[in-house]
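Residue numbers (UniProt numbering): 1 to 256. Here a beta-carbon is modelled for each residue, glycine too, at the ideal position from N, C-alpha and C. First comes the structure, then the notes that go with it.
Set out below in C-alpha coordinates:
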(Lines of atoms letter the chains of each structure in order from A; the text may use other names.)
(Lines give C-alpha, C1' and ligand atoms only; values in the text may rest on other atoms or scores of the structure.)
Protein backbone atom coordinates (compact mmCIF):
# COMPACT_ATOMS: atom_id res chain seq x y z
CA UNK A 1 0.00 0.00 0.00
CA UNK A 2 1.23 3.49 -0.88
CA UNK A 3 -0.11 6.73 0.61
CA UNK A 4 0.61 10.35 -0.26
CA UNK A 5 -0.62 12.75 2.44
CA UNK A 6 -0.37 16.47 3.05
CA UNK A 7 1.65 17.22 6.17
CA UNK A 8 -0.31 19.13 8.84
CA UNK A 9 1.22 21.83 11.02
CA UNK A 10 -0.21 22.62 14.45
CA UNK A 11 -0.36 26.25 15.66
CA UNK A 12 -1.13 27.54 19.13
CA UNK A 13 0.38 28.29 22.51
CA UNK A 14 0.82 25.77 25.31
CA UNK A 15 -0.71 27.56 28.28
CA UNK A 16 -0.23 25.92 31.71
CA UNK A 17 -3.38 24.48 33.31
CA UNK A 18 -5.56 25.58 30.38
CA UNK A 19 -7.10 23.57 27.53
CA UNK A 20 -6.65 26.09 24.76
CA UNK A 21 -7.73 25.67 21.12
CA UNK A 22 -5.13 24.63 18.56
CA UNK A 23 -5.18 25.18 14.82
CA UNK A 24 -3.95 22.52 12.39
CA UNK A 25 -3.27 23.64 8.82
CA UNK A 26 -2.62 21.32 5.95
CA UNK A 27 0.59 22.48 4.26
CA UNK A 28 2.02 22.34 0.76
CA UNK A 29 4.41 19.57 1.92
CA UNK A 30 3.74 15.84 1.61
CA UNK A 31 4.77 12.56 3.17
CA UNK A 32 4.89 9.65 0.75
CA UNK A 33 4.72 6.33 2.60
CA UNK A 34 4.69 2.70 1.43
CA UNK A 35 3.63 -0.16 3.70
CA UNK A 36 4.09 -3.92 3.54
CA UNK A 37 2.43 -6.09 6.18
CA UNK A 38 2.60 -9.87 6.43
CA UNK A 39 2.16 -12.52 9.09
CA UNK A 40 5.29 -13.55 10.94
CA UNK A 41 6.43 -15.75 13.80
CA UNK A 42 7.11 -12.62 15.86
CA UNK A 43 6.39 -8.90 15.78
CA UNK A 44 8.86 -7.04 13.59
CA UNK A 45 8.87 -3.40 12.45
CA UNK A 46 11.28 -1.65 10.10
CA UNK A 47 11.07 2.04 9.16
CA UNK A 48 13.30 3.61 6.51
CA UNK A 49 13.66 7.02 4.88
CA UNK A 50 13.11 9.24 7.92
CA UNK A 51 15.64 11.05 10.07
CA UNK A 52 16.71 9.19 13.18
CA UNK A 53 14.54 11.08 15.63
CA UNK A 54 11.32 10.77 13.63
CA UNK A 55 12.06 7.11 12.87
CA UNK A 56 12.61 6.32 16.56
CA UNK A 57 9.37 8.02 17.64
CA UNK A 58 7.44 6.40 14.78
CA UNK A 59 8.82 2.97 15.73
CA UNK A 60 7.65 3.43 19.31
CA UNK A 61 4.12 4.38 18.23
CA UNK A 62 3.76 1.76 15.49
CA UNK A 63 5.02 -0.95 17.85
CA UNK A 64 2.42 0.02 20.44
CA UNK A 65 -0.37 0.02 17.83
CA UNK A 66 0.57 -3.31 16.23
CA UNK A 67 1.05 -5.18 19.49
CA UNK A 68 -2.20 -3.83 20.94
CA UNK A 69 -4.25 -3.96 17.75
CA UNK A 70 -3.25 -7.14 15.93
CA UNK A 71 -4.28 -10.59 17.19
CA UNK A 72 -1.41 -12.11 15.17
CA UNK A 73 2.32 -11.27 15.12
CA UNK A 74 3.05 -9.23 12.02
CA UNK A 75 6.08 -8.03 10.12
CA UNK A 76 5.61 -4.36 9.18
CA UNK A 77 7.87 -2.70 6.63
CA UNK A 78 7.53 1.08 6.18
CA UNK A 79 9.39 3.36 3.81
CA UNK A 80 8.75 7.11 3.86
CA UNK A 81 9.89 10.14 1.91
CA UNK A 82 9.21 13.76 2.75
CA UNK A 83 8.33 16.16 -0.08
CA UNK A 84 8.66 19.84 0.75
CA UNK A 85 9.94 21.77 3.75
CA UNK A 86 7.48 21.04 6.56
CA UNK A 87 8.36 17.58 7.82
CA UNK A 88 7.94 17.69 11.60
CA UNK A 89 7.95 14.99 14.23
CA UNK A 90 4.35 15.11 15.55
CA UNK A 91 2.80 15.22 12.07
CA UNK A 92 5.06 12.50 10.67
CA UNK A 93 4.15 10.12 13.50
CA UNK A 94 0.42 10.83 13.10
CA UNK A 95 0.56 10.26 9.33
CA UNK A 96 2.53 7.03 9.67
CA UNK A 97 0.07 5.73 12.28
CA UNK A 98 -2.87 6.58 10.03
CA UNK A 99 -1.21 4.63 7.23
CA UNK A 100 -0.69 1.62 9.49
CA UNK A 101 -4.39 1.67 10.37
CA UNK A 102 -5.29 1.76 6.66
CA UNK A 103 -2.89 -1.13 6.02
CA UNK A 104 -4.43 -3.15 8.85
CA UNK A 105 -7.88 -2.46 7.36
CA UNK A 106 -6.69 -3.94 4.08
CA UNK A 107 -4.88 -6.87 5.70
CA UNK A 108 -7.78 -7.90 7.96
CA UNK A 109 -10.51 -6.77 5.51
CA UNK A 110 -12.07 -4.59 8.19
CA UNK A 111 -13.15 -0.94 7.87
CA UNK A 112 -12.91 1.75 10.52
CA UNK A 113 -14.87 5.00 10.43
CA UNK A 114 -12.95 8.26 10.65
CA UNK A 115 -14.18 8.72 14.22
CA UNK A 116 -12.81 5.26 15.09
CA UNK A 117 -9.46 6.13 13.49
CA UNK A 118 -9.34 9.33 15.54
CA UNK A 119 -10.07 7.34 18.69
CA UNK A 120 -7.32 4.82 17.88
CA UNK A 121 -4.75 7.52 17.14
CA UNK A 122 -5.68 9.37 20.32
CA UNK A 123 -5.29 6.19 22.35
CA UNK A 124 -1.89 5.35 20.89
CA UNK A 125 -0.36 8.84 20.96
CA UNK A 126 -1.62 9.65 24.46
CA UNK A 127 -0.46 6.27 25.79
CA UNK A 128 3.05 6.63 24.38
CA UNK A 129 2.99 10.15 25.77
CA UNK A 130 5.87 11.96 24.07
CA UNK A 131 3.79 14.79 22.59
CA UNK A 132 1.91 17.56 24.43
CA UNK A 133 -1.66 16.34 24.87
CA UNK A 134 -2.98 19.79 23.99
CA UNK A 135 -1.87 19.58 20.35
CA UNK A 136 -3.09 16.06 19.64
CA UNK A 137 -6.81 16.69 19.17
CA UNK A 138 -6.37 19.14 16.30
CA UNK A 139 -3.37 17.32 14.80
CA UNK A 140 -5.05 13.92 14.76
CA UNK A 141 -8.32 15.24 13.37
CA UNK A 142 -6.57 17.14 10.58
CA UNK A 143 -4.55 14.00 9.79
CA UNK A 144 -7.56 11.69 9.59
CA UNK A 145 -10.07 14.07 8.00
CA UNK A 146 -7.43 15.59 5.67
CA UNK A 147 -8.73 19.10 6.35
CA UNK A 148 -7.42 22.21 8.05
CA UNK A 149 -9.33 22.83 11.28
CA UNK A 150 -9.44 24.39 14.72
CA UNK A 151 -10.29 22.14 17.66
CA UNK A 152 -11.40 23.16 21.14
CA UNK A 153 -13.06 21.22 23.94
CA UNK A 154 -16.01 23.64 23.94
CA UNK A 155 -16.69 23.96 20.21
CA UNK A 156 -15.25 20.71 18.85
CA UNK A 157 -14.08 20.79 15.24
CA UNK A 158 -14.33 23.93 13.14
CA UNK A 159 -13.34 23.08 9.56
CA UNK A 160 -11.40 25.54 7.43
CA UNK A 161 -12.31 24.39 3.96
CA UNK A 162 -9.57 24.52 1.32
CA UNK A 163 -7.17 26.47 3.54
CA UNK A 164 -3.49 25.54 3.56
CA UNK A 165 -0.17 27.23 4.22
CA UNK A 166 3.15 27.14 2.43
CA UNK A 167 6.03 26.04 4.60
CA UNK A 168 9.36 27.51 3.52
CA UNK A 169 11.49 26.05 6.28
CA UNK A 170 11.48 24.54 9.76
CA UNK A 171 14.11 24.30 12.48
CA UNK A 172 14.42 23.48 16.16
CA UNK A 173 13.82 26.43 18.49
CA UNK A 174 14.70 24.95 21.88
CA UNK A 175 12.79 23.69 24.90
CA UNK A 176 10.46 25.27 27.43
CA UNK A 177 9.74 24.88 31.13
CA UNK A 178 7.44 26.70 33.51
CA UNK A 179 9.56 27.98 36.38
CA UNK A 180 7.68 31.14 37.32
CA UNK A 181 4.29 31.47 38.99
CA UNK A 182 1.70 33.07 36.72
CA UNK A 183 -1.53 34.52 38.09
CA UNK A 184 -4.65 32.51 37.22
CA UNK A 185 -6.40 35.56 35.78
CA UNK A 186 -3.41 36.26 33.57
CA UNK A 187 -3.47 32.67 32.28
CA UNK A 188 -7.16 33.12 31.43
CA UNK A 189 -6.28 36.25 29.48
CA UNK A 190 -3.47 34.45 27.64
CA UNK A 191 -5.88 31.64 26.75
CA UNK A 192 -8.41 34.07 25.27
CA UNK A 193 -5.64 35.88 23.41
CA UNK A 194 -4.43 32.59 21.93
CA UNK A 195 -7.93 31.93 20.57
CA UNK A 196 -8.17 35.45 19.13
CA UNK A 197 -4.76 35.19 17.45
CA UNK A 198 -5.59 31.84 15.83
CA UNK A 199 -8.76 33.33 14.34
CA UNK A 200 -6.76 36.37 13.22
CA UNK A 201 -4.30 34.05 11.49
CA UNK A 202 -7.12 32.29 9.64
CA UNK A 203 -8.70 35.61 8.65
CA UNK A 204 -5.34 36.79 7.36
CA UNK A 205 -5.26 33.84 4.97
CA UNK A 206 -8.93 33.97 3.96
CA UNK A 207 -8.78 37.72 3.30
CA UNK A 208 -5.24 37.54 1.87
CA UNK A 209 -4.41 40.19 4.44
CA UNK A 210 -0.67 40.05 5.06
CA UNK A 211 -0.86 42.52 7.95
CA UNK A 212 -3.34 40.37 9.93
CA UNK A 213 -1.37 37.22 9.18
CA UNK A 214 1.92 38.71 10.37
CA UNK A 215 0.26 40.34 13.39
CA UNK A 216 -1.06 36.94 14.51
CA UNK A 217 2.43 35.43 14.22
CA UNK A 218 3.95 38.22 16.31
CA UNK A 219 1.19 37.81 18.89
CA UNK A 220 1.56 34.03 19.23
CA UNK A 221 5.34 34.37 19.54
CA UNK A 222 4.87 37.06 22.19
CA UNK A 223 2.77 34.66 24.28
CA UNK A 224 5.59 32.12 24.26
CA UNK A 225 7.89 34.91 25.48
CA UNK A 226 5.45 36.04 28.18
CA UNK A 227 4.93 32.53 29.56
CA UNK A 228 8.24 30.77 28.89
CA UNK A 229 10.76 33.58 28.17
CA UNK A 230 11.31 32.21 24.66
CA UNK A 231 12.83 34.95 22.53
CA UNK A 232 10.44 35.86 19.68
CA UNK A 233 11.38 35.25 16.07
CA UNK A 234 11.47 38.17 13.64
CA UNK A 235 9.30 36.48 11.00
CA UNK A 236 9.07 32.77 11.78
CA UNK A 237 6.27 31.28 13.87
CA UNK A 238 7.00 29.35 17.07
CA UNK A 239 5.00 26.09 17.32
CA UNK A 240 4.98 23.14 19.77
CA UNK A 241 6.66 19.87 18.88
CA UNK A 242 8.06 16.93 20.83
CA UNK A 243 7.65 16.82 24.64
CA UNK A 244 8.62 20.34 25.78
CA UNK A 245 10.44 21.32 22.60
CA UNK A 246 9.51 24.02 20.10
CA UNK A 247 9.98 24.58 16.38
CA UNK A 248 10.54 27.75 14.40
CA UNK A 249 8.61 27.67 11.12
CA UNK A 250 8.53 30.04 8.16
CA UNK A 251 4.96 29.90 6.86
CA UNK A 252 3.10 31.89 4.25
CA UNK A 253 -0.34 31.92 2.69
CA UNK A 254 -0.16 29.10 0.13
CA UNK A 255 -1.82 31.34 -2.45
CA UNK A 256 0.82 34.09 -2.24
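- Residue 238 is positioned such that its CB atom lies closer than 8 Å to that of residue 173.
- For the pair residue 67 and residue 113, the Cα-to-Cα distance works out to about 21 Å.
- Under the three-state reduction of DSSP, residue 24 is assigned to strand.
- Residues of the same chain with a CB within less than 8 Å of the CB of residue 138, apart from the 5 flanking positions on each side, are 10, 12, 21, 22, 23, 24, 149, 150 and 151 in chain order.
- Considering only 55, 17 and 2, the residue with the shortest C-alpha distance to residue 91 is 55.
- Between residue 245 and the set 50, 176 and 89, the nearest pair of CA atoms involves 176.
- In terms of Cβ geometry, residue 100 and residue 196 do not form a close pair [threshold 8 Å].
- In the DSSP annotation of this structure, the continuous segment of the alpha helix (DSSP H) that includes residue 53 starts and ends at 52 to 69.
- Distance from the CA of residue 102 to the CA of residue 110, rounded to the nearest whole angstrom, comes to 9 Å.
- Residues 30 and 32 of the same chain have their beta carbon placed closer than 6 Å to that of residue 4, with the five preceding and five following residues left out of the count.
- In this structure, residue 155 sits away from residue 84, with a CB-CB distance that is not shorter than 8 Å.
- The alpha-carbon of residue 74 is positioned some 46 Å away from that of residue 229.
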